[in-house]
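Engineer:
There are 2 protein chains.
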Amino acid sequence: MFTEFNLTDDRPAYTQVKEYMKRLITVGVLQANQKLPSTRELSTLLNVSRNTVVSAYDDLKDEGFVYVDKGKGSFVAQIWGEAVTAQSWQLNWKQNISDQAKIAEELDLIKHGIRSIKGEINFTSIAPDEKLFDLDNVKRAFLDRMSIEGEIILNYGYAQGYKPLMEYLLRYLENKGVNLEGKEILITNGFTEGLDLILSALIQKNGRVICENPTHHAAIKIFKMHGFEITGIEMEQDGINLVELEKELSERPFDLAYLVPSYHNPTGIVMSPHKRTEVIKLLHKYQVPLIEDGFNEELRYSGSHIAPLIACNGNGNSVIYIGSFSKILFPGLRVGWVLADKEFIYYLESVKRAQSIHTSTLDQSLLYQYLHNGNFEKYLKKAKAEYKRKCELVIRCCRAFIPLKRLSGDGGLHVFIEFDDNFDTNVLLDCCRRNGVIFTPGNIFFTNNKGHHTMRLGFSRVADEDIIKGIQIIGDTAKQMMKEVQL
Amino acid sequence: MFTEFNLTDDRPAYTQVKEYMKRLITVGVLQANQKLPSTRELSTLLNVSRNTVVSAYDDLKDEGFVYVDKGKGSFVAQIWGEAVTAQSWQLNWKQNISDQAKIAEELDLIKHGIRSIKGEINFTSIAPDEKLFDLDNVKRAFLDRMSIEGEIILNYGYAQGYKPLMEYLLRYLENKGVNLEGKEILITNGFTEGLDLILSALIQKNGRVICENPTHHAAIKIFKMHGFEITGIEMEQDGINLVELEKELSERPFDLAYLVPSYHNPTGIVMSPHKRTEVIKLLHKYQVPLIEDGFNEELRYSGSHIAPLIACNGNGNSVIYIGSFSKILFPGLRVGWVLADKEFIYYLESVKRAQSIHTSTLDQSLLYQYLHNGNFEKYLKKAKAEYKRKCELVIRCCRAFIPLKRLSGDGGLHVFIEFDDNFDTNVLLDCCRRNGVIFTPGNIFFTNNKGHHTMRLGFSRVADEDIIKGIQIIGDTAKQMMKEVQL
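Those sequence lines, one after another, are chains A and B.
In terms of this note's numbering, the first sequence opens at residue 1 and continues consecutively.
In terms of this note's numbering, the second sequence opens at residue 1001 and continues consecutively.
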């Protein structure tokens, strides 16, 4: 005993002695009511100062691992019952997993998607480029807020959200043309929690949702986890195909529509103002409420501002809008929001409270202060200029090198490519991988197992020279594949 | 037009002009392709400098609300389709609310519980006292972490958690005697999300859970939202009644047990080491996996450390442990964790990713750095000394003033009081309220609509003089009520 103790230098010595002794007690090497060595003895045995042992023993006593019998010394407390269960029971957890969890696992892209290897040119990410983050302003925002109300932001907050942030966002949405009459906001842990909460709070009548095809993979996953049957409508260059949309709506009832009108994921397409009005009319006609995904709305590089669908709906209450700054500001801060009818938000707030009490007040208040300090607009200008430049480079390279049929995307952090129908981007990926380039084959975004001839290129975190080199490799590989087919 | 503009002094003038113009555009006062006043004209109309208007127009152009026709001036862009839907569609959301959301609303204590009025002596809270927070160390931890890896903590992280924090917590749990073999950890947004995720990931076989009666109200709510039937087992002074527990276990199969062994909410009771071993044996015998709520485990004021149930289970994998520092450190940071069998955590991680991607990296890394800097132990000593003092004061006052039958709780941030069976603490609350004192009647913690003769007193945020005064008022009122009954 006591021979295997090794002092490391990353933490105070008395803490290490204490933890070492705790371990001996918890694993049963030192047993209940056993006498501990004197502080002098232990200091010799462990080769530490006597003061170190005295501090460690004091803490062990404070924490209830040791008791002192005056004049006799320190003894091990009884921290266990009679005996630790001898035969420990092994459960087969795999047999206890819910269908919901199985779907989550099956569609988990981090587990089953493309894993990047260091040194590869990686077009799979659409996370923002952290090199653009203005850390000094973030620090300033944190310190500002901590001095104003540090105690408050570290204690419990409200399920609906941090008031100053809620008010800021309401004004922000109003400036996009949203009519706030009869509407309320709820802060969430990003888009993902927002969509999950909404689906938890809504009754399922026929269990069908209608959306664009392809669409956001995480949304497909969440709809499936909630047991929805998904109907996808094909995309045109100016957004969802209205004829197809009406055809489906007229044939069967749907509980919900889910649309990503701006810089759509994965196609990058922006729904035209005309289509926005028409979509609202159609959903009205067939009485289908809409979940609008405000994804990337801020990353417009050219053309007019286009009002979100919820703005096109005036003072109507049938659109539920989910917003987030994750793709632009800091995704590590999990903050998003839902704007919807106030009756609905009333229930959503209770579901939020039941599932996670509230979103981190620290995150919310830091974000608020950052916005309030006027950093967002400056940051957005800088980020947009950089992403726009990269986006144009990507598009030029794709058109020059890749034998593509259609390319879309003129905002956001990615472009979408279609080849001829019989081309397979999963095969292309396998080949490109051997040359050190990866991207996301498009089929995972499709609701009907199609899209094997499509791919998404995320460029936000790829350096200019890698963009050129990577797209050239993709292009050469694709041409080679096509040639081989013709032979 | 332009007459109702009022400059305030909280934000830059050009931002205010820009937002004002946006509003005119989005509400349709200024219509698509309409010419805007020249910068000179608008500066006169709004009584701001011409430079202010130039900046505002630049931004409006950048953001796509305005386009410039060279030599002719600035014009309003078409941000809407043909027309905003004239008849906006009003949906009756109340008819679209799920049962789950209705349960969440019905059991929402913030909505339907006791609302405190300013000036009242409030014993309903068991949140930590923010006056104890060591803000300087929190700031230090944030700045330390930001300088080490600011870019990383602001970008996307991992669903399982922030690595350094996970490793810290594993060592922390090992020091409590937990055998980590075959186990993994997952970071959650506090206890609440942890329990919700676990129930989402588990298959329901018979839909029954067994727990202590009374028990944690939020847990009752989450179990009910997941459709569980709850069987509560009465509490004795040293924990759950083992005879009753075995009786129930032998009569019907249960999917799960849920227990709060230390400073149990609401009774404050600590399960004895003997009972811990027996509980593990019984659950083993009847093959019921256990969710252990590590609530308040750190807030031990006297007596020996007692190993958590998961530690008593050795290398068995049938206990799922949920931990959190919320009641001790900072609840505004939403960080908790689940320790369980690694197979189970594998699925839980996918559910977590699907529902909220990951817990705020900022919160996790700040908490990690705070712990790593050695602040936790110092803070815990200070907090425990203060809470212990208050706890003893509360117990003395209760015994002196309140005609109680049983009092429990010698750790944590609350005590629990039982009166004679025919006493009603909801009536007591109504009467006390008139004298400016509120507390939590115990019936909301009961699984079987009982407990009308019980109450919980949370003392963490009540000043000493209010503790004495408040408990005296409760005691006098209770005595008065009892006297009236006897008459």
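Beta carbons: idealized from backbone N, C-alpha and C, even for Gly.
Treat the numbers as computed from the prediction; the structure is a model and nothing was measured.
1) Closer than 7 Å, Cβ to Cβ, to anything on chain B: give me those residues from the stretch 285-301 of chain A, in chain order.
2) So which of A:A32, A:L413, A:W93, A:L7 has the shortest CA-CA distance to T52 (chain A)?
3) If contacts are defined as beta-carbon pairs under 8 Å, then K275 (chain A) and G303 (chain A) qualify, I think. What distance do you get, rounded to the angstrom?
4) Considering only residues of the same chain and omitting the five flanking positions on each side of Q1472 (chain B), which have a CB-CB separation below 8 Å?
5) Can you say whether N265 (chain A) is buried or exposed, counting buried as having 16 or more other CB atoms within 10 angstroms of its CB?
6) Are the beta-carbon atoms of I1488 (chain B) and G190 (chain A) separated by less than 8 Å?
7) Which whole-angstrom value is the C-beta distance of K405 (chain A) and E386 (chain A), which I expect to be below 8 Å?
8) Quick one: complete alpha helix (DSSP H) runs, 4+ long, within the stretch 1310-1384 of chain B?
9) Tell me whether E41 (chain A) is buried or exposed, calling it buried when 16 or more other Cβ atoms sit within 10 Å of its Cβ.
10) Report the residue ranges of all alpha helix (DSSP H) runs contained in full by the stretch 125-213 of chain A; include only those spanning at least 4 residues, in chain order.
11) Measure the Cβ-Cβ separation of I1474 (chain B) and I1114 (chain B) and say whether it is below 8 Å.
12) Does DSSP classify I1117 (chain B) as helix, strand or coil?
13) Within a Cβ cutoff of 8 Å, which residues of the same chain sit near L1348 (chain B), ignoring the five residues on either side of it in sequence?
14) Excluding five sequence neighbours on each side, which residues of the same chain lie with their C-beta closer than 8 Å to the C-beta of D144 (chain A)?
15) Under 8 Å, Cβ to Cβ, is there at least one residue of chain B near H305 (chain A)?
16) Can you name the residues that DSSP bridges to H414 (chain A)?
17) Along the beta strand (DSSP E) that carries R50 (chain A), what are the first and last residues, could you check?
18) Checking 8 Å against the spacing of the C-beta atoms, do A1101 (chain B) and S350 (chain A) come in under that value?
19) CB-CB under 6 Å to G409 (chain A), same chain, minus the five flanking residues each way: which ones, in chain order?
20) Does any residue of chain B bring its CB to less than 8 Å from the CB of L362 (chain A)?
21) List the DSSP bridge partners of Y258 (chain A).
22) When the Cα of V1027 (chain B) is compared with those of A:E343, A:I291, A:C312, A:T477, which residue comes out closest?
23) For the alpha helix (DSSP H) that R433 (chain A) lies in, which residues bound it at each end?
24) Less than 7 Å between C-beta atoms, sequence neighbours within five positions excluded: which residues of the same chain meet that for K176 (chain A)?
25) Just the Cα atoms here: how many angstroms apart are K1061 (chain B) and I1220 (chain B)?
26) Starting from A442 (chain A), trace the beta strand (DSSP E) in both directions and tell me its first and last residue.
27) Which residues in chain A have a C-beta closer than 7 Å to the C-beta of Y1347 (chain B)? List them in chain order.
28) Quick one: residues in its chain with C-beta nearer than 7 Å to the C-beta of P1273 (chain B), no 5 flanking neighbours on either side, listed in chain order?
29) Which value, in whole angstroms, describes the spacing of the CA atoms of T1245 (chain B) and V1270 (chain B)?
30) Give a yes or no on whether the C-beta atoms belonging to Y1301 (chain B) and L1249 (chain B) are separated by under 8 Å.
31) Between Y1156 (chain B) and chain A, is the shortest Cβ-Cβ distance under 8 Å, so that the two count as touching?
32) Give me the subset of the stretch 318-348 of chain A whose CB atoms are less than 7 Å from a CB atom of chain C, sorted by chain position.
33) Let me check one thing: in DSSP terms, what residues is T1491 (chain B) bridge-paired to?
34) For the beta strand (DSSP E) that G1073 (chain B) lies in, which residues bound it at each end?
35) Got a sec, what are the start and stop residues for the beta strand (DSSP E) V1068 (chain B) sits in?
36) Using only the alpha-carbon positions, how far apart do N241 (chain A) and Y346 (chain A) sit?
Structural biologist: Checking against the coordinates, here is how it stands:
1) P289, R300
2) A:L7
3) Wrong, their Cβ atoms sit about 14 Å apart, outside the cutoff.
4) C1397, F1401
5) buried
6) With chain B running from 1001 to 1487 in the structure shown, residue 1488 (chain B) is simply not present.
7) So it is not a contact: roughly 29 Å between Cβ atoms.
8) 1342-1356, 1361-1372
9) exposed
10) 135-154, 163-174, 190-201
11) no
12) coil
13) L1186, L1197, I1198, A1201, V1338, A1340
14) Q369, N373
15) yes
16) A:G458
17) It is not in any beta strand (DSSP E) - R50 (chain A) instead sits in the alpha helix (DSSP H) that spans 50-62.
18) yes
19) G268, V415, F416
20) yes
21) A:C211, A:I291
22) A:C312
23) 425-434
24) A307, P308, A311
25) 54 Å
26) Rather than Ala, the amino acid found at residue 442 (chain A) in this sequence is Gly. It is not in any beta strand (DSSP E) - G442 (chain A) carries neither H nor E in the DSSP assignment.
27) I97, A101, E105
28) I1306
29) In the sequence as presented, Thr is not what sits at residue 1245 (chain B); that position holds Leu. Roughly 17 Å separates the two Cα atoms.
30) no
31) yes
32) Within the model displayed, chain C is absent; protein chains A and B are what it includes.
33) Any property of residue 1491 (chain B) remains undetermined from this structure, which presents chain B solely from 1001 to 1487.
34) 1073-1076
35) 1066-1069
36) 34 Å
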